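Okay, so here's the structure we're looking at.
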Amino acid sequence: IGEIQRFLRDDGMVKVSRSIRELSFKIRHATDEFIRVHERQPTLTELAKTLEVTMDELVLASDALRDPASLHEQLFE
Amino acid sequence: MDNEMTLSFIAISENEGLARMVMTSFIASLDPTIDELAEFKTIVSEAVTNAIIHGYEEDGEGIITIRAKRNGQSITMTITDEGRGIPNVEQAMEPLYTSKPERERSGMGFTIMESFSDHLSVWSEPQKGTAITFTKEFLPVQSNFVLGER
Amino acid sequence: MDNEMTLSFIAISENEGLARMVMTSFIASLDPTIDELAEFKTIVSEAVTNAIIHGYEEDGEGIITIRAKRNGQSITMTITDEGRGIPNVEQAMEPLYTSKPERERSGMGFTIMESFSDHLSVWSEPQKGTAITFTKEFLPVQSNFVLGER
Ligand SMILES: Nc1ncnc2c1ncn2[C@@H]1O[C@H](COP(=O)(O)OP(=O)(O)O)[C@@H](O)[C@H]1O
Ligand SMILES: Nc1ncnc2c1ncn2[C@@H]1O[C@H](COP(=O)(O)OP(=O)(O)O)[C@@H](O)[C@H]1O
Ligand SMILES: [Mg+2]
Ligand SMILES: [Mg+2]
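Here the protein sequences come in this chain order: A, B and C. Each residue of the first sequence is one higher than the one before, counting from 292 in the numbering used here. Each residue of the second sequence is one higher than the one before, counting from 2 in the numbering used here. Each residue of the third sequence is one higher than the one before, counting from 2 in the numbering used here.
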């Protein structure tokens, strides 16, 4: 399977939507970890560095992280 | 003025995502935190959704225009439609007020936009359209963060 | 016409990234592969860079406009500047031709744009400006396997 994935990746046939899904999962994880260590929110640049991705990739993937968790709490609770 | 852009698109719900991405990209150089970004995108989503659903009543034809300017750490953005307009702006902005209760709208759009922005003003005229202008400040993070250290 | 948008921005190099992101987002619904997207973004970058460097000679003031339409699996996009224009389009499009050899330009911009698009046409008039129109088809991948199987 790893072989096939590598082949696909090298071949450029992988759908962008798929790599975005993977990255958005990593963003969520890295954000939690950053907050735990630094006791504040990371900025986009800090996340891009941590995850070793470009700002473009980060901006694209960060849209999968909609709806701030705090939204409901702030307004409805 | 540090930077400025204009985006126009058809008022269909697929373009709410486009508007969000474009605005994210426009403010990326201010290096927002994840929360600031989420708030900013929520403002964009609420305003664009209102233009699609209320302004054009989902006719799939109207045009929405977003003009944005960056001035230092501050972003000012106007979202305009040329749709039905709002007869009573004060009432429309009240928490929980919605003219479409049958659509299960929450009536909280304006309240959310106000709470996530630093300044909001509404221009509207029935049968002419609506323009909502926001300002949001992005405070620089006191970044004592160096990769691999603390 | 499935969808359509217009973006205008100041001709500064920071906005080359904005243009790339906006166009990426506009074609997202076509679910491109990484390669298709990379080609498409390269076209956008080359055309926008030309408008900034050649059209406006980096005056930091000119406006670049991108109009894009989606028709099924096909994207047509026009990138316009109102800058100096191109006196001899045929010569400009020759591989390796550049009017700015001192800037270490490769002269390969048009060649790259042509090879990555399915159709390209150039309108230009000296002192009026330049408009470059591309079409690119995004073929649905004949995906006859599911990852993890063959
Ligand atoms: N762009 C617009 N054009 C016309 N009417 C609007 C527009 N935006 C808001 N409104 C009016 O203001 C009301 C309140 O908006 P909002 O607070 O977002 O609640 P909701 O969208 O849930 O109804 C809407 O129900 C509608 O009547
Ligand atoms: N938007 C434009 N406005 C004016 N001249 C242009 C424009 N785009 C291209 N040109 C001309 O065409 C030439 C070839 O462009 P290109 O193939 O991209 O090579 P390069 O940018 O490396 O010079 C440029 O050197 C310039 O003279
Ligand atoms: Mg609303
Ligand atoms: Mg070039």
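Glycine residues also receive a C-beta, built at the ideal position from the N, C-alpha and C atoms. Treat the numbers as computed from the prediction; the structure is a model and nothing was measured.
Query                                                                                                                           : Result
Contact test: Glu152(C) Cβ vs ligand 4 heavy atom, cutoff 7 Å                                                                   : Residue 152(C) lies beyond the range of chain C shown here (2 to 151); nothing can be said about it.
Length of the line joining the Cα atoms of Asp82(B) and Ile54(B)                                                                : 11 Å
Gly84(C): CB within 7 Å of a non-hydrogen atom of ligand 2                                                                      : yes
Beta-carbon gap between Leu31(B) and Gln74(B) smaller than 8 Å                                                                  : yes
Helix, strand or coil at Leu97(B) according to DSSP, with G and I counted as helix                                              : coil
Proximity below 8 Å, CB of Gly108(B) to CB of Tyr98(B)                                                                          : yes
Ala12(C), DSSP secondary structure in three states                                                                              : coil
Neighbouring residues, chain A, relative to Pro33(C) (Cβ below 9 Å)                                                             : Lys306, Val307, Ser308
Proximal chain A residues relative to Leu38(B), where beta-carbon distance stays under 8 Å                                      : Leu335, Ser353
Opening and closing residue of the alpha helix (DSSP H) in which Met114(C) lies                                                 : 110 to 117
Counted within 10 angstroms of its Cβ, other Cβ atoms place Val23(B) as buried (16 or more) or exposed                          : buried
DSSP beta-bridge partners of Val123(B)                                                                                          : Ile133(B)
Buried or exposed (CB count within 10 angstroms, at least 16 for buried), Leu148(B)                                             : Confidence is the limiting factor: at Leu148(B) the pLDDT is only 47, short of 50, which leaves the residue's position unreliable, though a coordinate-based value still follows. When all chains shown are included, Leu148(B) counts as exposed.
Other residues of its chain near Leu351(A): CB distance less than 7 Å, five sequence neighbours each side excluded              : Ile311
CB contact check: Thr79(B) to chain C, cutoff 8 Å                                                                               : no
Reference Arg104(C), options Gly63(C), Ser9(C), Glu58(C), closest by Cα                                                         : Glu58(C)
Of the listed residues Glu330(A), Arg309(A), Leu314(A), nearest to Thr345(A) (C-alpha basis)                                    : Leu314(A)
Residue of Ile326(A), Met304(A), Thr322(A) minimising C-alpha distance to Ala339(A)                                             : Thr322(A)
Cutoff 7 Å; reference Pro141(B); Cβ partners in own chain excluding five residues on either side                                : Gln74
Beta-carbon contacts of Glu364(A) that lie in its chain and below 7 Å, excluding the five residues immediately before and after : Reliability fails at Glu364(A), whose pLDDT of 42 lies under 50, so the model's placement of it is uncertain and no value is given.
Partners in chain E for Val350(A), counting only beta-carbon separations shorter than 7 Å                                       : Absent from the structure: chain E. Protein chains present are A, B and C.
Ile240(B): CB within 7 Å of a non-hydrogen atom of ligand 1                                                                     : Residue 240(B) is absent from the model: chain B starts at 2 and stops at 151.
Supposed contact pair Asn72(B) and Asp3(B) - C-beta distance, whole angstroms, cut 8 Å                                          : 6 Å
CB-CB length for Ala12(B) against Leu335(A), believed under 8 Å                                                                 : About 29 Å; that fails the 8 Å criterion.
Span of the beta strand (DSSP E), counted from its first residue to its last, around Asn72(C)                                   : 64 to 72
CB-CB length for Ile113(B) against Thr79(B), believed under 8 Å                                                                 : Not quite, the Cβ-Cβ distance comes to about 18 Å (not below 8 Å), so this is no contact.
Span of the beta strand (DSSP E) around Ile76(C)                                                                                : 75 to 82
Beta carbon proximity, Thr25(B) to chain A, threshold 8 Å                                                                       : yes
Cβ of Leu19(B) within 8 Å of any chain C Cβ                                                                                     : yes
Spatially closest choice to Ile65(B) from Phe41(B), Thr7(B), Thr136(B), by CA coordinates                                       : Thr7(B)
Cβ-based neighbour list, Ser118(C), same chain, cut-off 7 Å, excluding 5 preceding and 5 following                              : Ile44, Phe135, Thr136, Lys137
Residues near Ser125(C) in its chain [Cβ-Cβ closer than 6 Å; skip 5 each side]                                                  : Gly86, Ile87, Val90, Thr131
Nearest candidate by alpha-carbon position, reference Thr77(B), set Pro102(B), Ser122(B), Gln128(B)                             : Ser122(B)
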